[in-house]
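Counting with my numbering, you get residues 4 to 480 for the letters of the sequence shown.
For each residue, glycine too, the CB sits at the ideal point set by N, CA and C.
Predicted model, so just to flag it, every value in this text is computed and none were measured.
Before any comments, here is the structure.
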Amino acid sequence: MPENTLRHLPSIDLLLRRERIQTLIREMGRENVRDRLRETMAEIRRQLAAGRNGHEHQPVDLTEQLAREIEAALFVQIDRSRLAGVREVINATGVILHTNLGRAPLGPRAIQAVGEAAAGYCNLEYDLDTGKRGKRGTGLVATLRGMLGCEAAAVVNNCAAAVLIVLNTLAEGGEVIVSRGELVEIGGSFRIPDVITRSGARLCEVGTTNRTRLADYEKAINENTRVILRAHPSNYRVTGFTERADLADLAALARKHNLILFEDLGSGNMVDLQARGIRDEPTVAQSLAAGAHVVAFSGDKLLGGPQSGIILGQAALIDRIKGNPLMRALRVDKMIFAALESTLQSYVRGKAIEEIPALSMLFTEKEQIEGRARAFIRRAKKLTRDRRPDCQWELLDGLSVIGGGTTPGAGLPTKLIAMQSASLSAEKMEEHLRRQAVPVIVRIEEGRVLLDLRTVFPAQEKIMLESIAAMLAAQVS
Ligand SMILES: *Cc1c(COP(=O)(O)O)cnc(C)c1O
Numbered sequence: 004m005p006e007n008t009l010r011h012l013p014s015i016d017l018l019l020r021r022e023r024i025q026t027l028i029r030e031m032g033r034e035n036v037r038d039r040l041r042e043t044m045a046e047i048r049r050q051l052a053a054g055r056n057g058h059e060h061q062p063v064d065l066t067e068q069l070a071r072e073i074e075a076a077l078f079v080q081i082d083r084s085r086l087a088g089v090r091e092v093i094n095a096t097g098v099i100l101h102t103n104l105g106r107a108p109l110g111p112r113a114i115q116a117v118g119e120a121a122a123g124y125c126n127l128e129y130d131l132d133t134g135k136r137g138k139r140g141t142g143l144v145a146t147l148r149g150m151l152g153c154e155a156a157a158v159v160n161n162c163a164a165a166v167l168i169v170l171n172t173l174a175e176g177g178e179v180i181v182s183r184g185e186l187v188e189i190g191g192s193f194r195i196p197d198v199i200t201r202s203g204a205r206l207c208e209v210g211t212t213n214r215t216r217l218a219d220y221e222k223a224i225n226e227n228t229r230v231i232l233r234a235h236p237s238n239y240r241v242t243g244f245t246e247r248a249d250l251a252d253l254a255a256l257a258r259k260h261n262l263i264l265f266e267d268l269g270s271g272n273m274v275d276l277q278a279r280g281i282r283d284e285p286t287v288a289q290s291l292a293a294g295a296h297v298v299a300f301s302g303d304k305l306l307g308g309p310q311s312g313i314i315l316g317q318a319a320l321i322d323r324i325k326g327n328p329l330m331r332a333l334r335v336d337k338m339i340f341a342a343l344e345s346t347l348q349s350y351v352r353g354k355a356i357e358e359i360p361a362l363s364m365l366f367t368e369k370e371q372i373e374g375r376a377r378a379f380i381r382r383a384k385k386l387t388r389d390r391r392p393d394c395q396w397e398l399l400d401g402l403s404v405i406g407g408g409t410t411p412g413a414g415l416p417t418k419l420i421a422m423q424s425a426s427l428s429a430e431k432m433e434e435h436l437r438r439q440a441v442p443v444i445v446r447i448e449e450g451r452v453l454l455d456l457r458t459v460f461p462a463q464e465k466i467m468l469e470s471i472a473a474m475l476a477a478q479v480s
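This is the structure:
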């Protein structure tokens with residue numbers, strides 16, 4: 004009888020005195036645990052009232068039995084909320100700039116710089132030379148000027164914010180000309196036409212999806228035109244019968260009509276990627292050299308730094324952007340400045356590929372990955388030998404993905420570790436690995452779990468190996 008069972012529900016006070024819950028209280032605070040316990044109890048009470056059976060043969064101590072059930076349900080709930088907090092994961096997908104996994108990991112120097120900035124005070128807006136109030140980002144701007152020869156720079160929260168503030172400052176109330184082949188959606192909420200509307204400017208589309216000529220831009224220019232926007236088609240390519248105006252020609256056109264040429268580069272690539280087989284990823288320097296007046300890009304894509312949006316260009320234009328009240332809303336904090344400056348210093352010292360993880364991963368040769376993968380399989384087999392004899396390991400040729408909207412369709416040749424078991428489905432393995440204390444994120448293809456060590460830090464291999472061994476040893480199927 005449900006009513007009968009309900010009468011045996013333990014009190015909150017009784018539950019709070021239980022040993023495991025006492026441990027939880029020390030970890031999470033008494034009120035917090037009590038509140039969660041109330042939620043869990045309410046759920047169990049609902050289930051009982053709905054006539055859930057299972058207690059027909061009443062155990063000797065029904066209250067104790069219910070207390071155990073509530074305790075178990077509480078721990079399930081807490082585990083789930085722990086998974087939701089930001090935590091380290093192992094990225095075995097081979098996608099280097101994985102937006103869902105936090106894009107670019109920082110290198111040791113950048114991490115140290117962030118830690119120092121975070122732990123104490125710093126000269127964020129203080130001029131150590133004069134002892135007076137200084138400007139945010141002075142050092143960073145000097146570094147960018149030295150690296151790229153640009154006149155001025157500004158930093159905001161991300162590239163989307165950069166595009167918004169540039170257009171709001173330079174085109175509000177006027178028109179922005181964009182090729183129909185460049186009306187990009189970056190994912191979810193960032194769409195070029197919507198950002199233009201939000202900036203207070205009007206979109207003027209020219210050309211067609213596959214072909215837009217210089218003359219198309221010229222014909223559209225009128226007394227309301229303020230900006231010509233060139234957007235990098237990050238995550239798609241128009242191929243076949245195509246034509247695109249040359250950036251230098253667009254710059255000349257803009258100068259002739261006293262307009263501003265603004266390039267949204269997306270990726271912020273600083274190095275020549277031709278050797279990696281990537282030909283259509285322009286560098287920031289190329290964009291500036293072609294004559295773009297203002298250029299914007301992300302800090303956490305190919306640049307390999309923290310989430311941020313970098314704006315470079317003519318001093319007069321950057322000054323207007325910095326004077327926009329939106330700047331205060333979009334600016335970044337000391338930790339981002341520290342990480343970004345340190346990342347850029349790696350470029351200045353000529354150590355970018357060694358020190359910036361995203362670039363190290365991008366430049367890792369397939370042979371090197373293969374060597375690590377072979378050693379990994381050897382160790383995995385040794386650890387799991389007798390536990391699940393039906394588990395098969397293979398090395399496959401495959402592709403790693405750069406991600407972050409860089410070179411869609413292209414990839415970096417890699418060696419993949421493929422794992423397959425007749426008694427454990429790939430989906431079950433994927434879920435098991437995802438629920439570890441340090442979750443491992445993998446790919447599934449054709450019923451196999453695939454691991455790409457390109458994006459796994461060597462220090463993470465052991466943890467991953469142990470998670471796999473534990474999974475294969477467990478009696479799950
Ligand atoms: C990625 C991208 C953006 C958005 O950058 P976030 O830093 O993610 O805000 C904008 N424009 C282009 C062309 C991009 O590739």
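- Not one heavy atom of ligand 1 falls within 7 Å of the beta-carbon of VAL274.
- In the three-state reduction of the DSSP assignment, ARG205 falls in the strand class, which pools E and B.
- Between the stretch 288–306 and the stretch 395–411 there are three or more C-beta pairs closer than 8 Å, enough to call the two in contact.
- When the Cα atoms are used, ASN272 and TYR350 turn out to be separated by approximately 11 Å.
- Taking non-hydrogen atoms of ligand 1 into account, the C-beta of CYS207 is found less than 7 Å away from none of them.
- For GLN395, the uninterrupted beta strand (DSSP E) segment begins and ends at 394–406.
- The C-beta of ALA383 has 16 or more other C-beta atoms within 10 Å across all chains shown, which makes the residue buried.
- In the structure shown, SER301 falls within a strand segment according to DSSP collapsed to helix, strand and coil.
- Distances taken from the Cβ of LYS222 to the heavy atoms of ligand 1 include none shorter than 7 Å.
- A distance below 8 Å separates the beta carbons of ILE420 and LEU398.
- Boundaries of the alpha helix (DSSP H) around MET338: 337–351.
- Take ILE356, set aside five residues on each side of it, and the residues of its chain with a beta-carbon closer than 7 Å to its own are LEU362, SER363, PHE366, in chain order.
- For SER182, the secondary structure class from DSSP, reduced to helix, strand or coil, is strand.
- GLY401 and VAL36 have their C-alpha atoms spaced approximately 48 Å apart.
- Taking THR141 as the centre and dropping the five residues before and after it, the same chain places the C-beta of ASP130 closer than 8 Å to its C-beta, in chain order.
- Within the chosen limit of 7 Å, ligand 1 does not reach the beta carbon of ASN103 with any heavy atom.
- Nearest in C-alpha terms to LEU170, of all of VAL298, ILE471, GLU30, GLU91, is VAL298.
- Excluding residues up to 5 positions away in sequence, VAL287, ALA288, LEU291, LEU315 lie with their Cβ nearer than 8 Å to the Cβ of LEU151 in the same chain.
- Distance from the C-beta of ASN161 to the nearest heavy atom of ligand 1 is below 7 Å.
- Listed in chain order, the beta strand (DSSP E) elements of length 3 or more contained wholly in the stretch 246–322 are 263–269, 297–301, 312–316.
- Scanning VAL198, GLU91, LEU262, ARG112 for the CA closest to the CA of ASN103 turns up GLU91.
- Rounded to whole angstroms, GLY294 and GLY353 show a C-alpha spacing of 26 Å.
- Less than 8 Å divides the Cβ of ASP455 from the Cβ of THR417.
- Non-local beta-carbon contacts of ALA157 in its own chain, meaning distances under 6 Å to residues more than five positions away in sequence, involve ILE314, ILE321, ILE324, LYS325 in chain order.
- Membership of ARG381 in the alpha helix (DSSP H) is indicated by the continuous run 369–387.
- Under a 10 Å Cβ-count criterion, ASP16 is classified as exposed, with fewer than 16 other Cβ atoms of the shown protein chains found around its own Cβ.
- Residue pairing by DSSP places LEU104 opposite no residue, since no beta bridge is assigned to it.
- Distance from the C-beta of PHE265 to the nearest heavy atom of ligand 1 is not below 7 Å.
- Within the stretch 405–476, the alpha helix (DSSP H) runs of at least 4 residues that lie entirely inside it are, in chain order, 429–437, 464–476.
- Below 8 Å, enough C-beta pairs join the stretch 243–259 and the stretch 213–230 to call them touching: three or more.
- With fewer than 16 other CB atoms across the displayed protein chains lying within 10 angstroms of its CB, LEU86 is exposed.
- Bounds of the beta strand (DSSP E) holding ALA234 are 228–234.
- Only residues of its own chain outside the window of five on either side were considered, and among them ILE93, ALA95, LEU436, MET467, SER470 have a CB closer than 6 Å to the CB of VAL443, listed in chain order.
- Using a C-beta cut-off of 8 Å, the stretch 121–138 makes contact with the stretch 332–346, since at least three inter-stretch Cβ pairs fall below that distance.
- Burial check for SER426: the Cβ neighbour count within 10 Å stays below 16, so the residue is exposed.
- ARG446 is classed as buried because its beta carbon has at least 16 other beta carbons within 10 Å across all chains shown.
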